[in-house]
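Participant: Below: one structure in structure tokens.
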């Protein structure tokens, strides 16, 4: 296959095996090093789809990510730039996508969800401390996960490309200025999906979906959420690192509620979220119910969405 868009310098160092993902302004390929046979992912971002300001920010963040070393952040190996695009060579994640792994392993608990989200937050806290906001923290195919995010080694979420389901209201509205708080909204959505098996905001029509996200109105739908750490509802935790004398209960519902807030200034930071008892104590009131069935249903629905979009 002829990959004429890729940098000639890249092609001399890597053998391209095939396309593994495609987004609104990028294509992802699987590649192997011509020197030692190591597998990598090559993400090509086309400049014509990125604003001038966005491109300046992207270049700055790429320079930062070249020095990033964290177990929960995908490594940027090197990059090649031309007039029309930039080709990023990224660490290749193996092991399949998270929903598939959950179904295969036979059991998935609330405590497992807490552990996964903790890994996400650890990576985010590290990146945010370096001045990098992800802005597109939606789980997509293995190497198309923005610039660097990783749900634990080899544990990536996957969803239909193009959906705004994980995006914060300020992103959906198209606000000119937003910050790392958008990542925490997305973490809230991911947590909700892991526990309930469906999105907090959903509509088959993308315009209606955007309106729902912008409104910020959602529910912990019964009976699906009734089984999630119900005995923790009466437990109260004094969370002094956010605001003095502020009380939160210990449940996943409370954790999600502190992230899915319309006002980005009131959302947890990644560091604060790591201190929430549902994360810190790893779902101490674990519902002890296998959530695999919910994830299996969600995975099937997402496949249908993807198949219908590609038809």
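In full-length UniProt numbering, the protein residues as written are 1 to 311.
C-beta atoms are modelled at their ideal positions from N, C-alpha and C, and glycine is treated no differently.
(1) Please check the pair residue 184 and residue 269, which I expect to be a contact at CB under 8 Å, by giving their CB distance rounded to whole angstroms.
(2) Report yes or no: do three or more beta-carbon pairs, one from the segment 29–39 and one from the segment 49–58, lie closer than 8 Å?
(3) Identify, in the order they occur along the chain, each residue of the same chain with its Cβ nearer than 7 Å to the Cβ of residue 50, setting aside the five sequence neighbours on each side.
(4) What does a CB cutoff of less than 6 Å around residue 148 pick up in its chain, not counting 5 residues either side in sequence?
(5) How many angstroms separate the CA atom of residue 34 from the CA atom of residue 86?
(6) Using the Cα positions of residue 48 and residue 84, report the straight-line distance between them to the nearest angstrom.
(7) If contacts are defined as beta-carbon pairs under 8 Å, then residue 170 and residue 274 qualify, I think. What distance do you get, rounded to the angstrom?
(8) To the nearest whole angstrom, what separates the beta carbons of residue 109 and residue 191, a pair I think is in contact under 8 Å?
(9) Consult DSSP for residue 219 and reduce its assignment to one of helix, strand or coil.
(10) Rounding to the nearest angstrom, what Cα-Cα distance links residue 206 and residue 36 in this structure?
(11) Pull up the distance between the alpha-carbon of residue 211 and that of residue 172, whole angstroms please.
(12) Taking C-beta to C-beta, are residue 218 and residue 198 nearer than 8 Å?
(13) So, under 8 Å CB-CB, residue 116 and residue 194 are touching, yes? Tell me the CB distance rounded to an integer number of Å.
(14) Starting from the C-beta of residue 79, find all residues in its chain whose C-beta is less than 7 Å away, skip the five residues before and the five after it, and write them out in chain order.
(15) Just to confirm the assignment, what range does the alpha helix (DSSP H) spanning residue 16 have?
(16) With 16 as the cutoff for other CB atoms within 10 Å, does residue 259 come out buried or exposed?
(17) Do residue 271 and residue 187 have their C-beta atoms closer together than 8 Å?
(18) Going along the chain, which unbroken runs of the beta strand (DSSP E) with 3 or more residues stay wholly within the segment 18–56?
(19) Starting from the C-beta of residue 131, find all residues in its chain whose C-beta is less than 7 Å away, skip the five residues before and the five after it, and write them out in chain order.
(20) Could you give the distance in angstroms between the alpha-carbon of residue 68 and the alpha-carbon of residue 13?
(21) Let me check understanding here. Comparing Cα to Cα, which of 17, 127, 176 lies closest to residue 40?
(22) Straight-line CA distance for residue 215 to residue 267?
Facilitator: Walking through what the data contain:
(1) 7 Å
(2) no
(3) 25, 58
(4) In this prediction, residue 148 scores a pLDDT of 30, lower than 50, which makes its location untrustworthy; no coordinate-derived value is stated.
(5) 20 Å
(6) 7 Å
(7) That pair is no contact at about 23 Å.
(8) Not really, about 14 Å apart at Cβ, beyond 8 Å.
(9) coil
(10) 45 Å
(11) 9 Å
(12) no
(13) 7 Å
(14) 62, 86, 87, 88, 89
(15) Per DSSP, residue 16 belongs to no alpha helix (DSSP H); it is in the beta strand (DSSP E), 14–22.
(16) buried
(17) no
(18) 26–33, 39–46
(19) 64
(20) 22 Å
(21) 17
(22) 16 Å
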